[in-house]
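Accompanying notes for the structure given below.
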Amino acid sequence: FKKKLGKYDWARIMKDFLIINEEVQLKNPVDYSYVYNGYSPLSVKIVDFCMDAKGFAPLESKLKYVTSKYKYPLNEKELFDKRSSHNSSGKKIILVFYIGGC
Numbered sequence: 011f012k013k014k015l016g017k018y019d020w021a022r023i024m025k026d027f028l029i030i031n032e033e034v035q036l037k038n039p040v041d042y043s044y045v046y047n048g049y050s051p052l053s054v055k056i057v058d059f060c061m062d063a064k065g066f067a068p069l070e071s072k073l074k075y076v077t078s079k080y081k082y083p084l085n086e087k088e089l090f091d092k093r094s095s096h097n098s099s100g101k102k103i104i105l106v107f108y109i110g111g112c
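Laid out in structure tokens, this is it:
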């Protein structure tokens, strides 16, 4: 759990998770930051990185700067296996729950 002067190292978190997008395309938006005026919420970026990495394990080095407590599915292959999808379009739907505070 890395902290800088008793606080989160926000500069490191912003860099690692690409929180600020200074080149938002207004005519053809391709990044979540379009909705949030150039800023992407950290929770959205964590889900985005997780989907790109096909699981949480590759994010472990980045997550250590965010919090000391996190859990991820033990069987990530099942979570991302396209054959286990019950959606008729073949696209995987992930539902994110926020429990508790921020």
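So in this note's numbering, the last one in the sequence shown is 112, and the numbering has no gaps at all.
All C-beta atoms in this analysis are idealised placements derived from N, C-alpha and C, irrespective of residue type, glycine included.
Nearest by alpha-carbon distance to residue i: which of the options is it?
i          : options         : result
residue 21 : 62, 72, 107     : 72
residue 24 : 76, 62, 107, 63 : 76
Quick one: give me the first and last residue of the alpha helix (DSSP H) that residue i is part of.
i          : result
residue 27 : 20-27
residue 71 : 70-73
Excluding the five sequence neighbours on either side, which residues of its own chain have a C-beta within less than 8 angstroms of the C-beta of residue i, listed in chain order?
i          : result
residue 48 : 30, 31, 32, 34
Write down the C-beta distance between residue i and residue j rounded to the nearest angstrom, noting that I regard them as a contact closer than 8 angstroms.
i          : j          : result
residue 43 : residue 50 : 4 angstroms
residue 27 : residue 55 : 4 angstroms
May I ask you to report which of helix, strand or coil DSSP gives residue i?
i          : result
residue 49 : strand
residue 15 : With a pLDDT of only 49 at residue 15, under 50, the local geometry of the prediction cannot be trusted, and no value is derived from it.
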